[in-house]
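**Student:** Could you have a look at this structure, given as structure tokens, before my questions?
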Amino acid sequence: LHYFQSNHEGEIIDKLHEVGFSYDGIVLNAGALSHTSYAIADAVAAIESPVVEVHISNVFAREPFRHHSCLTPYCDGLIAGLGLRGYEFAIQYFL
Numbered sequence: 117l118h119y120f121q122s123n124h125e126g127e128i129i130d131k132l133h134e135v136g137f138s139y140d141g142i143v144l145n146a147g148a149l150s151h152t153s154y155a156i157a158d159a160v161a162a163i164e165s166p167v168v169e170v171h172i173s174n175v176f177a178r179e180p181f182r183h184h185s186c187l188t189p190y191c192d193g194l195i196a197g198l199g200l201r202g203y204e205f206a207i208q209y210f211l
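By the numbering used here, the letter at position 27 of the sequence shown is numbered 143, and the numbering carries on one by one without gaps.
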């Protein structure tokens, strides 16, 4: 199990390209970038490792712009609104 955190779009993309062909799974919470970053979406689409997108809050109960994620079409699954337990459930998916 490895952990990486960044608030910088380019660093997230670089990390996905670095590990996305060797990891058994990636849990990705791109925060607000999920709703705006087609570059991160392209990176997720380009890698071979399965990806589960996680949001701590229920994005569908928030502002309308948060109801769409650029990443979700390229992810194996989406977990939203379950708080920090969402990370646990995402990891369990890969076990």
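Note that beta-carbon positions come from the ideal geometry of N, C-alpha and C, so glycine has one too.
Cα separation between C186 and Y154?
**Tutor:** 6 Å
**Student:** Between which residues of its own chain and A196 is the CB-CB distance below 6 Å, once the five residues before and five after are set aside?
**Tutor:** H171, N174, V175
**Student:** Going by Cα to Cα distance, which pick from Y203, A162, H184, A177 is closest to V135?
**Tutor:** A162
**Student:** How many angstroms separate the CA atom of F120 from the CA atom of H183?
**Tutor:** Using only the alpha carbons, I get a separation of about 25 Å.
**Student:** Does the distance from the C-beta atom of V143 to that of Y203 stay below 9 Å?
**Tutor:** yes
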